[in-house]
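Engineer: Quick one: the structure is below, and I'll ask about it shortly.
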């Protein structure tokens, strides 16, 4: 037996939504549908899932409805560890980590200046991953946090200590915030009006 | 007709994953299952969704399988604002992806030569969105980085693999005045892979 | 269809924005399409002029890529004007490189359009919106390789805008120049602040040169110096030279705070 149109619409909406949907919200899917229609269609969907032997079910939750996987399958899924992608850092995370490794202790402002993009989310990720930590505060305005790499960082790269970072001197010099050309003394000199 | 145990397990796993899962990954759900078993169970699930009139379907994507809502429900879901489409790519991003997809592995210089504009910013954006990645280095001067497309690129375009891209020769190389834009668009639409 | 350049001038409501093109090749293709021109036989002179006119209208401040193309077109225009003999052997159409690039770019644009349509089509299918919390298991081991790490460093370095490197020229103090400026000012005015002899954005070298020049003039007895209050600029007063100036005397008598910092 095939799902009827309203039950199909509800299935699509409940699948795509990131939170439980109320009967009123579900009514907006189909202008003519009454609350009773929606409830009947929800029952139809629930029965379909139950009798069809589906691994998912319609659950009433927080005043709304959501389609969730049945508890019985949760364990098998956890064992398979699909939920997380294989753990590799994104290019953005890797680049931020690189700046911190060679410039530590370093604040967020300097990292952003060097990479030219904002760093908030990436810093949080790296901290959650245990690759960087707050190592102090700068003396500057607002006393911003300073970051450094952790022991786990060295361990993952197979290094004994920071001195073993490849091309440490070359890279720590090259990873500078860009200098604005206007600050250059020659330019300033050139802007003095010629007199005499 | 009720789903059999392996198909149930697959349904639960596909509902829980945020990306397409490969046959190998799905095999880990059930120690004894062979790749053929998994494929058979995927077919069972697909037929169940098709004949049961479900609003979702099993889609083969980026080397794996994912459950997605059917196209027919896109408008209703968007109208009710239960979910939003991913941000559209800019023309610059699309052209850069086009060069990389067809020339990979390819360096920045070649991309810039073909497009006639500098590519630094776009490459960075595409990398941060996870659509391209560094796949190696050229042997040339300065050993420039070479870029290639990622699995997420295939996911975003709804492709099973790179072989699904039309051959470059299929795109007209017009030595005559270009046709009106409308005709162009129709032709491009026609060559989009048909729904599987 | 109206050529874009004509339309630009004729109708203020018609605006061609540079960001509607994804590059100079795109703009060039647009011009050719507007004029219904065969790519294989481009009237270079006309198209070059139109190209220049459009990028001029659109402002050149951030259009380095467009300027480069403008340069190529002008070179090409000049090459096309060179006389060539009928049926000359080995004559290669100077436009062939441009034609090749335009065709290649046109193909990329078509592929880009295909990709866009594929992405739009794919966007009509939604993945599951609710994703369960990741299982409470230790996170999978993190893969971090030294090669990837070093590549990340190099990417960051490559993306840092290179500071403009200036040639370092040894810059001696220019006391002579400062003296001339001060003498001009002294000839014009009875009294002025020494800061006026510095110009708008003086370098440290110019400050030092001027200070030395002021002191030198005072030594010669051509001016006297006074500082009304600490931290205020020195005032330079015109003085008629005496036959035998007392060296340094003017300075000490007229500067009330000899230790006062000079602003």
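Protein chains in written order, with my numbering: chain A, 27 to 222; chain B, 27 to 222; chain C, 185 to 447. The beta carbon of each residue, even a glycine, is placed where N, CA and C say it ideally should be.
1. What does the alpha-carbon distance come out to for the pair residue 287 of chain C and residue 178 of chain B?
2. Put residue 280 of chain C into one of helix, strand or coil per three-state DSSP.
3. What's the C-alpha gap between residue 182 of chain A and residue 175 of chain A?
4. Note the first and the last residue of the continuous beta strand (DSSP E) segment covering residue 158 of chain B.
5. Pull up the CB-CB distance for residue 123 of chain A and residue 157 of chain A, whole angstroms please, since I reckon it's below 8 Å.
6. So does residue 290 of chain C have its beta carbon nearer than 7 Å to some heavy atom of the ligand SAH?
7. Name the DSSP bridge partner or partners of residue 376 of chain C?
8. Rounded to whole angstroms, what is the Cα-Cα separation between residue 418 of chain C and residue 408 of chain C?
9. Alpha helix (DSSP H) containing residue 255 of chain C: first to last residue?
10. Going straight from the alpha carbon of residue 416 of chain C to that of residue 377 of chain C, what length do you get?
11. Between residue 265 of chain C and residue 231 of chain C, which are expected to be in contact by the criterion C-beta below 8 Å, what is the C-beta distance as a whole number of angstroms?
12. Hey, residue 43 of chain A and residue 109 of chain B are a contact pair by Cβ (cut 8 Å); roughly how many whole angstroms apart?
13. Whole angstroms is fine: what's the gap from residue 329 of chain C's alpha carbon to residue 184 of chain A's?
14. Looking at the structure shown, is residue 72 of chain A part of a helix, part of a strand, or coil, going by DSSP?
15. Got a sec: which bits of the region 112–143 of chain B sit with their beta carbon under 7 Å from any beta carbon on chain C, in order along the chain?
16. Given residue 103 of chain B, which residues of its chain have a CB within under 6 Å of its CB, disregarding the five upstream and five downstream residues?
17. Rounded to whole angstroms, what's the CA-CA distance from residue 54 of chain B to residue 50 of chain A? Just pull it up for me.
18. Suppose the cutoff is 6 Å on Cβ atoms and the five residues either side in sequence are ignored; what does the same chain contact list for residue 94 of chain A look like?
19. Is the distance from the Cβ of residue 363 of chain C to the Cβ of residue 402 of chain C below 8 Å?
20. Does the distance from the C-beta atom of residue 37 of chain A to that of residue 80 of chain B stay below 8 Å?
21. What residue range does the beta strand (DSSP E) around residue 173 of chain B cover?
22. Could you give the DSSP three-state label for residue 223 of chain B: helix, strand or coil?
23. With 9 Å as the limit, tell me which residues of the region 158–169 of chain A have their beta carbon closer than that to any beta carbon of chain C; keep them in chain order.
24. Measuring CA to CA, which of C/326, C/374, C/228 and C/369 is closest to residue 383 of chain C?
25. For chain A, is any of its Cβ atoms less than 8 Å away from the one on residue 172 of chain B?
26. If we define contact as Cβ-Cβ less than 8 Å, is residue 267 of chain C a contact residue for chain B?
27. What residue from B/40, B/160 and B/111 has the CA that sits closest to residue 131 of chain B's CA?
28. What residue from C/308, C/332 and C/254 has the CA that sits closest to residue 228 of chain C's CA?
29. What does residue 183 of chain A reach in chain C if we use C-beta pairs closer than 9 Å?
30. Touching or not, the region 336–347 of chain C and the region 114–121 of chain A, by the rule of three or more beta carbon pairs under 8 Å?
31. Once the 5 residues before and after residue 134 of chain B are set aside, which same chain residues still bring their CB inside 8 Å of it?
32. Among A/47, A/75 and A/68, which has the Cα closest to the Cα of residue 88 of chain A?
33. Around the C-beta of residue 448 of chain C, are 16 or more other C-beta atoms found within 10 angstroms, so that it is buried, or is it exposed?
34. Any beta carbon of chain C sitting closer than 8 Å to that of residue 201 of chain B?
Structural biologist: Let's see:
1. 29 Å
2. helix
3. 11 Å
4. 158–163
5. 6 Å
6. Ligands in the displayed structure: none, and consequently the ligand SAH is not present.
7. In the DSSP assignment, the residues bridged to residue 376 of chain C are C/420.
8. 10 Å
9. 248–265
10. 10 Å
11. Their Cβ separation, rounded to whole angstroms, is 14 Å, which puts residue 265 of chain C and residue 231 of chain C out of contact at 8 Å.
12. Correct: roughly 6 Å between the Cβ atoms.
13. 9 Å
14. helix
15. 112, 115, 117, 118, 120, 121, 123, 124, 125, 128, 140, 141, 142 and 143
16. 109
17. Going by C-alpha positions, residue 54 of chain B is about 41 Å away from residue 50 of chain A.
18. Once the five neighbours on either side are set aside, the close Cβ partners of residue 94 of chain A are 85.
19. no
20. yes
21. Under the DSSP assignment, residue 173 of chain B falls in the beta strand (DSSP E) whose first and last residues are 171–175.
22. Nothing can be reported for residue 223 of chain B, as the shown portion of chain B is limited to 27 through 222.
23. none
24. C/369
25. Output row for residue 172 of chain B: interface = no.
26. At a cut-off of 8 Å between C-beta atoms, residue 267 of chain C does not count as an interface residue with respect to chain B.
27. B/160
28. Distances from the alpha-carbon of residue 228 of chain C to those of C/308, C/332 and C/254 put C/254 closest.
29. 328, 329, 330 and 333
30. yes
31. Here the set comprises 145, 146, 149, 170, 171 and 173.
32. A/47
33. With chain C represented from 185 up to 447, any question about residue 448 of chain C goes unanswered, as that position is not in the structure.
34. Only weak support exists for where residue 201 of chain B lies, its pLDDT of 41 falling under 50; the coordinates are left without a value.
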